[in-house]
Every structure is written in structure tokens, then in C-alpha cells.
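>
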Amino acid sequence: AQSVAQPEDQVNVAEGNPLTVKCTYSVSGNPYLFWYVQYPNRGLQFLLKYITGDNLVKGSYGFEAEFNKSQTSFHLKKPSALVSDSALYFCAVTLARGDTGRRALTFGSGTRLQVQP
Amino acid sequence: DTGVSQNPRHKITKRGQNVTFRCDPISEHNRLYWYRQTLGQGPEFLTYFQNEAQLEKSRLLSDRFSAERPKGSFSTLEIQRTEQGDSAMYLCASSLSRGHSNQPQHFGDGTRLSIL
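This is the structure in C-alpha cells:
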């Protein structure tokens, strides 16, 4: 079985400050990891993914995430937050291709990011 | 717009009625997924197709739920004899399976189902 934990229901940060949204995962095998963002009454938008290679991955809108295998974490970061970054963020995991198991994503429960002007 | 399209955006129906949702994936994508999202939760996997073959179904997909992708293009999700607990956002996603790279899933804006 695979699972994702997002320990913070909400993260508050002032505009211009760095932000971190935490994610830890559990999977039997090598993971593929993703971050998505959701705005009200909309579907999820892809931000970035970790497949293999460099542990620091860069994505859309200035976001980046660091894969840490020993801590089974994949925290989302941005050096300088914008008010427009306020949204719901989801971390997701699936098994790497070639491993047995589902191809569908398992999502965390989401973290609401609130950036104050 | 070449993204994933879902129709209708909203559906209100009485308990016990049948409902059907449609998803049109990105045209070259061979994988199609259905998820359900309830308020305050992340999406939960329901089922997925590779081309026209339904390769996996979640235990969440009771026998009142059925999904099809007859020609490997659009997909429909039908819920029979709807119950209050079926109220949720139903999300469709598609992706391209190519080589050894796990391409990201692209999501539609969902169909919000409300059961009266």
C-alpha cells in the first residue's frame, strides 16, 4: 500500500517570505512524486515531479521540491511567496514504472497555503 | 482549449436517480483516470484505462458505479441508484504512457455531484 501525509492543514506566510509545504510518503518500492495545486472549483494543476536524478526539482511558477529518500519526504518550496500562490496544494505518489502496483496517484489530504500581503 | 474536458460541470439530482458524466481527455493521451474528491480531502482513485482497457478498479468503485472508454478516447462514468454519500467532485485525468517516463496526469475541472 502507498500513502502520503501532509501534516499541516494550513500554512500562513507573508508575501515575499520563503514558503515550505511539507510532504512525507510511504511506498513499497521506488516512488514517483508529484505536487499539484488546486484553485476553488477547479481541477488540479501539475506543478512538478520527481522521477529520478537530481533530488532538487524545479517546476512551474518558481516552485521547487526536494526529494529526500532517507526521510521519505518531498517538501515543496518557493523562495519568495506571492499572494497569488494562495491555494490548496496536494502531494501525490505512485510507484515507479517497472514496479508492480497501481499507476494511479495516491494523494495527501492537502495543505491550504495562505499568503498575506 | 486542448485540456481535459468534463461535462457537465455541475449535476444536481434526487437520491435514487442514475447519473452519467463524460470526460474528454487530451487527444494523444492513452491513459485516463477517474478520481473522487470530497470536501477537505485529496482526490481518491476510482479507476483507470489504458486505451479502451479498464486496467484497475478501486474498492471504492461499488457495483453501482461503471466506467467505460469504448473507443479509447472519451470516457463515461455512470452511477446508478445514487446515494447521499455519492455527493462529491468527480475528477478525470489523462496522461501519456511513453517509454519509461511517468508523464504527469492532467486534470479536468471536474463534475460536482449533489444528491438531494
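Residue numbers (this note's numbering), protein chains in the order written: chain V, 1259 to 1375; chain C, 11 to 126.
Ideal Cβ positions, reconstructed from N, Cα and C, are used throughout, including at glycine.
Remember, predicted model here, so these are calculated numbers, not experimental data.
(1) Would G26(C) pass as an interface residue toward chain V - the criterion being a Cβ-Cβ separation below 9 angstroms?
(2) What does the alpha-carbon distance come out to for the pair A1339(V) and D73(C)?
(3) For the putative contact between L71(C) and T57(C), defined by C-beta atoms under 8 angstroms, what is the C-beta separation to the nearest angstrom?
(4) If you check the beta carbons only, do L1334(V) and T1282(V) fall under 9 angstroms apart?
(5) Exposed or buried, what is K1307(V) when buried is set at 16 or more other beta-carbons lying within 10 Å of its beta-carbon?
(6) In chain order, what residues of the region 1306 to 1340 of chain V put their CB closer than 8 angstroms to some CB of chain C?
(7) To the nearest angstrom, report how far apart G1368(V) and Y1347(V) are at their CA atoms.
(8) Where does Q94(C) fall in DSSP's three states?
(9) Could you check whether the Cβ of R122(C) sits closer than 9 angstroms to any Cβ belonging to chain V?
(10) For F1292(V), which residues in the same chain have their Cβ closer than 6 angstroms to its Cβ, ignoring the five residues on either side in sequence?
(11) From the DSSP output, in three-state form, read off S1342(V) for me.
(12) Tell me the residue span of the beta strand (DSSP E) that contains S47(C).
(13) Taking only three categories from DSSP, how would you classify S1318(V)?
Straight from the coordinates:
(1) Residue 26(C) sits at position 16 when you count from the first residue of the second sequence. At a cut-off of 9 angstroms between beta carbons, G26(C) makes no contact with chain V.
(2) Position 81 of the first sequence, counted from the first residue, corresponds to residue 1339(V). Position 63 of the second sequence, counted from the first residue, corresponds to residue 73(C). Answer to the nearest angstrom: the Cα atoms are 45 angstroms apart.
(3) Numbered from 1 along the second sequence, position 61 holds the residue referred to as residue 71(C). Numbered from 1 along the second sequence, position 47 holds the residue referred to as residue 57(C). Approximately 6 angstroms separates the beta-carbon atoms of L71(C) and T57(C); this is inside 8 angstroms, confirming the contact.
(4) Here the question's residue 1334(V) lines up with position 76 in the first sequence. Here the question's residue 1282(V) lines up with position 24 in the first sequence. It is not a contact, given that the beta carbons lie outside the stated cut-off.
(5) The residue given as residue 1307(V) occupies position 49 in the first sequence. Buried, because 16 or more other Cβ atoms sit within 10 Å of the Cβ of K1307(V).
(6) Taking 8 angstroms as the Cβ-Cβ cut-off against chain C, the residues of the region 1306 to 1340 of chain V that qualify are K1307 and I1309.
(7) Within the first sequence, the letter at position 110 stands for residue 1368(V). Within the first sequence, the letter at position 89 stands for residue 1347(V). Going from the Cα of G1368(V) to the Cα of Y1347(V) covers about 5 angstroms.
(8) Stepping through the second sequence from its first residue, residue 94(C) is reached at position 84. Q94(C) sits in a helix when the DSSP states are folded into three classes.
(9) Mapped onto the second sequence, residue 122(C) falls at position 112. Yes - at least one Cβ of chain V is within 9 angstroms of the one on R122(C).
(10) Translated into the one-based positions of the first sequence, residue 1292(V) becomes position 34. Excluding sequence neighbours, F1292(V) sits near K1307 and A1350.
(11) Within the first sequence, the letter at position 84 stands for residue 1342(V). Helix at S1342(V).
(12) Translated into positions along the second sequence, residue 47(C) becomes position 37. Checking the displayed sequence, the identity of residue 47(C) turns out to be Gln instead of Ser. Where Q47(C) is concerned, the enclosing beta strand (DSSP E) stretches over R41 to Q47.
(13) Counting from one through the first sequence, the residue named residue 1318(V) turns up at place 60. Assigned with DSSP and collapsed to three states, S1318(V) falls in helix.
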